[in-house]
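Enquirer:
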Amino acid sequence: MWRARWTSTTREAFERRVIRPLEDRLFQRWLTNGFLADQVEEMGLPYRSVDDYLGESLDLRVDPRQLICSLSMKKSFPKSNQRNKAKNLFIWKGDWDLVRYDFHKGQRYTFINDIWLNRHALEQSQAYRDLVSLIEKGKPFTSHQKGLLLNTPDKVLAYLETYVGYMNEMARTGFDNSLGKDRLGVAIDRHGGIVKINRGLHRLAMAQVLGLEEIVVRVRAVHVDWWREVTQGETGEKALQNMAEALQACRAASLEISPAQGRG
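Convert by adding 5 to the 1-based position in the sequence shown; the result is the number in this note's numbering.
See the structure below:
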């Protein structure tokens, strides 16, 4: 755990002092159509600079029950260097949006639904049985990043009860956008559909299981084809304005991929 935190702290410090200033300088050049502006857009625009500039203009209010089309970064970007690059960019190229799956069949939704259905007797949940089984095999669940070591049944129960507590609070007060380390992130596919990415998956599952009618999501990336369509050849501030306006018309993407989508 100490090693994981030290690595994270070192990485964040390097990004804050070196990477972020460079990204912001490149973004400002693009924003003012300065030197290398075309190349900056071609690279994909630095995500964090775009996020800082647009802020809440990237937020969308959606019905979580409709947000069932999800992506796996590992499947959409098979190579680690592709994933690392995408994490820092706002405009994503390629066929990443064609590899999608049903969020309801994923591990996070299954886990949350299971413990909520068994919230009054968590020992009967599949999650409890699976985690206790790991203890019996001598391989208890651990998370160095979260500081977790579930090596006793009591710790397993306390871990599951934490999620139930979050859900009870969400059921009482609604979706709280401030909870969690990251905003609940989505991406916009080539046709303007909203797809879920690996940010806030447990919170989305909670909202769906509880039947909430509205949550707030933050647009994390857009497909280059959609970007070019909605910006209409504009650059800089006008391009961002056109895109922000077009975001309001975006709706949850379908799980089905049409032949036209496949042709890109």
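Glycine is no exception: its CB is placed at the ideal position from the N, C-alpha and C atoms.
#1: Tell me the rounded alpha-carbon separation between ALA249 and SER148.
#2: In terms of DSSP beta bridges, what is ASP64 paired with?
#3: First and last residue of the beta strand (DSSP E) that includes ILE193?
#4: Please report the straight-line C-alpha distance between LEU252 and PHE32, rounded to a whole angstrom.
#5: Go through its chain and collect everything with a Cβ distance to PRO158's Cβ below 6 angstroms, but skip five positions before and after it.
#6: Counting only the same chain and skipping the five closest in sequence on each side, list residues whose C-beta sits under 6 angstroms from that of VAL2.
#7: If you draw a straight line from the alpha carbon of SER62 to that of GLU47, how long is it in whole angstroms?
#8: Helix, strand or coil for VAL200, going by three-state DSSP, please let me know.
#9: What residue does the alpha helix (DSSP H) around SER138 start on, and which one ends it?
#10: Based on DSSP bridge pairs, tell me the residues matched to LEU155.
Expert: Once the coordinates are examined:
#1: The sequence position of residue 249 within the sequence shown is 244, counting from 1. The sequence position of residue 148 within the sequence shown is 143, counting from 1. Using only the alpha carbons, I get a separation of about 38 angstroms.
#2: Here residue 64 refers to the residue found at position 59 of the sequence shown. The partner list for ASP64 (beta bridge, DSSP) reads ARG223.
#3: For the purposes of this step, residue 193 is taken as residue 188 along the sequence shown, with counting starting at 1. Judged by DSSP secondary structure, ILE193 falls within the beta strand (DSSP E) whose first and last residues are 190-193.
#4: As a working mapping, residue 252 is identified with position 247 in the sequence shown. As a working mapping, residue 32 is identified with position 27 in the sequence shown. One alpha carbon belongs to LEU252, the other to PHE32, and they sit about 21 angstroms apart.
#5: Here residue 158 corresponds to residue number 153 of the sequence shown, with the count starting at 1. VAL137, listed in sequence order.
#6: Because the chain here runs from 6 to 269, residue 2 falls outside it and cannot be looked at.
#7: For the purposes of this step, residue 62 is taken as residue 57 along the sequence shown, with counting starting at 1. For the purposes of this step, residue 47 is taken as residue 42 along the sequence shown, with counting starting at 1. The C-alpha of GLU47 is placed about 23 angstroms away from the C-alpha of SER62.
#8: Position 195 of the sequence shown holds residue 200. Looking at VAL200 - three-state DSSP - the assignment turns out to be strand.
#9: Taking the sequence shown and counting its residues from 1, the one referred to as residue 138 is at position 133. Per DSSP, SER138 belongs to the alpha helix (DSSP H) from 131-141.
#10: The count along the sequence shown starts at 1 and reaches residue 155 at position 150. Per DSSP, PHE146.
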